[in-house]
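Chains as they are written, first to last, in my numbering: chain A, 1 to 116; chain B, 117 to 226.
Beta carbons are placed, not taken as given, at the ideal position from N, Cα and C, and that holds for glycine.
Note that the coordinates shown come from a computational prediction; the quantities given were computed from them, not determined experimentally.
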Amino acid sequence: GAGVSQSPSNKVTEKGKDVELRCDPISGHTALYWYRQRLGQGLEFLIYFQGNSAPDKSGLPSDRFSAERTGESVSTLTIQRTQQEDSAVYLCASSLGYRGGNYGYTFGSGTRLTVV
Amino acid sequence: QKEVEQDPGPLSVPEGAIVSLNCTYSNSAFQYFMWYRQYSRKGPELLMYTYSSGNKEDGRFTAQVDKSSKYISLFIRDSQPSDSATYLCAMRGGGNKLVFGAGTILRVKS
């Protein structure tokens, strides 16, 4: 597609439920990233996929968080047993990775998650 | 101490003013520096990209990097109400993972 697409745009869930967030990156972008942005705060790195390499999971805050990516396409971020502190905007970005000189990311509009 | 420090503001200026936004960092391995602009309820969009030290100009925007001081700046000339947004600095070393500042909220009053 023309840009990075994220769904759903908004999600309200009850504490303790599992949620799945989806990201569709720009075609041809080998690198995909998930960040979390809490209200009034900067972007917190969660996980990074680069081609077929093992993902960098160093930013995942707990074992309730996991992510998968199929090849160089769609990624899903799953949060199990959601807690109120998980409420945030979850941003996905993609980039050309090592294929391009400019490694700037293109972000999606994010999924706004509210845990009640 | 955070790797990247950025004053969250808000910074409020009159239309037409010159705006200066800044970040400091602690990791000397950083060599790629970027500025992103984020409008409310939107994802950040890449505004400026600079490699190593020096200046880069694009229209009303100028990015400066001083690696010796570990200090980067974004200048906006002739600021417009449409420039009102959150500005995030970001940087990385040799890998692909960007480290972001907390963002500065800018308000340009007409």
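- Message: With a threshold of 7 Å between beta carbons, is A:G71 in contact with chain B?
- Response: no
- Item | Burial state of B:G159, where buried means 16 or more other Cβ atoms lie within 10 Å | Buried, since its Cβ has 16 or more Cβ neighbours within 10 Å.
- Where does the unbroken beta strand (DSSP E) through A:V115 begin, and where does it stop? For A:V115, the enclosing beta strand (DSSP E) has its first and last residue at 111-115.
- Taking all protein chains shown into account, decide if A:R69 is buried (16 or more other Cβ within 10 angstroms of its Cβ) or exposed. Result: buried.
- In its own chain, which residues sit with a C-beta less than 6 Å from the C-beta of A:K17, not counting the 5 before and 5 after it? T82
- DSSP state of B:I136 mapped onto helix, strand, coil: A quick correction: the sequence has Ser, not Ile, at residue 136 of chain B. If DSSP states are grouped into helix, strand and coil, B:S136 belongs with the strands.
- Query: Contact check, B:S189 vs B:L127 under 8 Å by CB: the rounded distance?
  - Reply: Not really, about 13 Å apart at Cβ, beyond 8 Å.
- Message: I need the straight-line Cα distance from A:T76 to B:E119, nearest angstrom please.
- Response: 28 Å
- Message: Whole angstroms are fine: how far does the CA of A:S109 sit from the CA of A:F49?
- Response: 19 Å
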